[in-house]
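Novice:
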DNA sequence: CTAGGGTTAG
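Numbering (the numbering used here), first residue to last: 691 to 1270.
#1: Mapping DSSP to helix, strand and coil, what is residue 839?
#2: Nearest to residue 1230 by CA position, among 796, 955 and 1198, is which residue?
#3: Taking just the CA atoms, how far does residue 805 sit from residue 773?
#4: Residue 979: buried (16+ other C-beta within 10 angstroms of its C-beta) or exposed?
#5: Go ahead and pull the three-state DSSP assignment for residue 1142.
#6: Whole angstroms are fine: how far does the CA of residue 838 sit from the CA of residue 813?
#7: What are the partner residues of residue 1162, as DSSP defines its beta bridges?
#8: Answer yes if the segment 893-905 comes into contact with the segment 858-872, meaning at least three C-beta pairs across the two stretches below 8 angstroms, and no otherwise.
#9: For residue 942 and residue 958, which I take to be in contact (beta-carbon distance under 8 angstroms), what is that distance rounded to the nearest angstrom?
#10: Note down, in chain order, each residue of its chain lying with its Cβ closer than 7 angstroms to the Cβ of residue 834, except the 5 sequence neighbours on either side.
#11: Between the alpha carbons of residue 1022 and residue 1011, how many angstroms are there, rounded?
#12: Can you give the beta carbon distance from residue 1094 to residue 1085, rounded, assuming they're within the 8 angstroms contact cut?
#13: Under the three-state reduction of DSSP, which class applies to residue 1135: helix, strand or coil?
#14: Look up residue 1249 in the DSSP assignment and say whether it is helix, strand or coil.
#15: Per the contact definition of three or more C-beta pairs closer than 8 angstroms, is the segment 1252-1270 in contact with the segment 999-1009?
#16: Determine, using beta-carbon pairs with one atom in the segment 837-852 and one in the segment 812-828, whether at least three such pairs fall under 8 angstroms.
#17: Among 754, 1163, 1232 and 1212, which one has its Cα closest to the Cα of residue 1180?
#18: What number of angstroms, rounded off, separates the C-alpha of residue 936 from the C-alpha of residue 1178?
#19: Helix, strand or coil for residue 1092? Go by DSSP, reduced to three states.
#20: Quick one: what's got a C-beta closer than 8 angstroms to residue 1227's C-beta in the same chain, skipping five residues either side?
#21: Would you kindly check if the distance between the Cβ of residue 1162 and the Cβ of residue 1224 is under 7 angstroms?
#22: In the DSSP assignment, find the unbroken beta strand (DSSP E) run with residue 1258 in it and report its ends.
#23: Excluding the five sequence neighbours on either side, which residues of its own chain have a C-beta within less than 8 angstroms of the C-beta of residue 982, listed in chain order?
#24: Would DSSP call residue 917 helix, strand or coil?
#25: Restricting to runs no shorter than 4 residues, where is the alpha helix (DSSP H) found entirely within the segment 862-890?
#26: To the nearest angstrom, report how far apart residue 1133 and residue 1017 are at their CA atoms.
#27: Look at the alpha carbon of residue 760 and the alpha carbon of residue 1074, and state the distance between them as a whole number of angstroms.
#28: Is residue 999 helix, strand or coil when you go by DSSP?
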């Protein structure tokens, strides 16, 4: 083995053909099948671009390849930039020679490949092969199968594999947990976590939950945004001494920040020894500042990053978002122009938004058309939003046309365009937009909000009466409107589409999901208690005004997490300083 | 002695 390492060195410096020739002439390849497979494995996994093709060449040259030789190639291909080739090899379509019979390991590598290709169809076929080969009692293989299903987006099948397994180790649990958390089922992930927390004593060979368990569970908590669950997972991690683990800490920073507790997030960041902090630690902490509207702090932390850590695309995006949310136009541009990695669509998105909000529409547009790749839907929507904000009809029309070309068909696009026309009293055009909407079967993205009170989640959809206390909630809203009217509130109806009357517009606005959630919070919690609401979309202008006034009229702090950031309302002011 | 599970993003 030592010899192989020396040869490996040789190979890097003098090129693989020499090494290969040497191995062939020395007769090692044929004489020691174990060594040969091991060498093939190393070769197939080597980062050198010519290594993998060479491993395949070698495999082809073997008169009677063993299963382990095949596995080495399958493994290398599965990890390569073209994982589908691993599947082709297994199907016998990459090498014409007769292949050895695959074993559990072969299938494991193939499942990894089908997961990386998100190829659910192939995962099903490999599942059949698992049964046919009679290796379905293998915990590792079944966990890989489960994981492959989850990564292909078939969570039901992943769950089914999990349920039917008689032995599950901690990786099995982690795999389903992570699959659910990343498959936009954070509530199911959290339920699974609680199940594990109550039964981990049953794990084989005294296994315990580990940092992967905690990271996956925290990811679910962060998505849902419920501080209580996040703190429970934190306490759970402490029981196993995992709260000192850097990756767990990184996830804790993210979780606390997304659950509205910037101070706890920063406490965790500072609890990591400076030399242990990783790029992800900084990214999560910078992102935390940005989400909470502290662009200056985000910039400061970015500048304080030690030189041993090289910022990546995520770092820059987090800083740029911070600048954007705090209106730091010049700082944002300076950071963008100093980027040491190639900007992607999201980086351009923040810059276009930054320039657009600042009224620098020509620069925003120039940025879009001079990008090295074509703008996507979200970028044109950003530009359309800027055009609406500053009442520039030509740019709004241009952006709307691009959006139509790209097949975007959401109500928000039309509302913005219509509002630009309305602001210029171009009623014919307003009518035309409305007609287009009617004939295009416009998609409405449903808005919802939720709030947790005494450990129970209460979810609200615009104008819904599903909540058991909806009558009280609607009465509370009437009270709210009359009390804030005394503070000068007038409904801001311009964000509602113009095909309904003024009264109906006010009605539609009045029962926005976030208002329902706030109203419920007011009647369901004691005076003075902070209200926390999470919303799936950006908060609308009217709800923003209303939340400010409620915070003053009722003496409440209200924290709303919208799609992009936190808004903290207190005594009539919002932490975003109306810049969002 | 070569198998499985993970965090940051407009």
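Each residue gets a CB set at the ideal place from its N, CA and C atoms; glycine is no exception.
Specialist: Judging by the given coordinates:
#1: Three-state result, residue 839: helix.
#2: 1198
#3: 9 angstroms
#4: buried
#5: Residue 1142 falls in the strand class under three-state DSSP.
#6: 7 angstroms
#7: Bridge partners of residue 1162: none, in fact.
#8: yes
#9: 5 angstroms
#10: 798, 801 and 802
#11: 8 angstroms
#12: Contact flag wrong, Cβ pair sits at about 15 angstroms.
#13: Three-state result, residue 1135: coil.
#14: strand
#15: Touching, no.
#16: yes
#17: 1232
#18: 50 angstroms
#19: helix
#20: Within the same chain, residue 1227 has close Cβ partners 1135, 1137, 1252 and 1253.
#21: no
#22: 1256-1260
#23: 947, 952, 1255, 1256, 1258 and 1265
#24: helix
#25: 876-889
#26: 31 angstroms
#27: 54 angstroms
#28: Correct three-state label for residue 999: coil.
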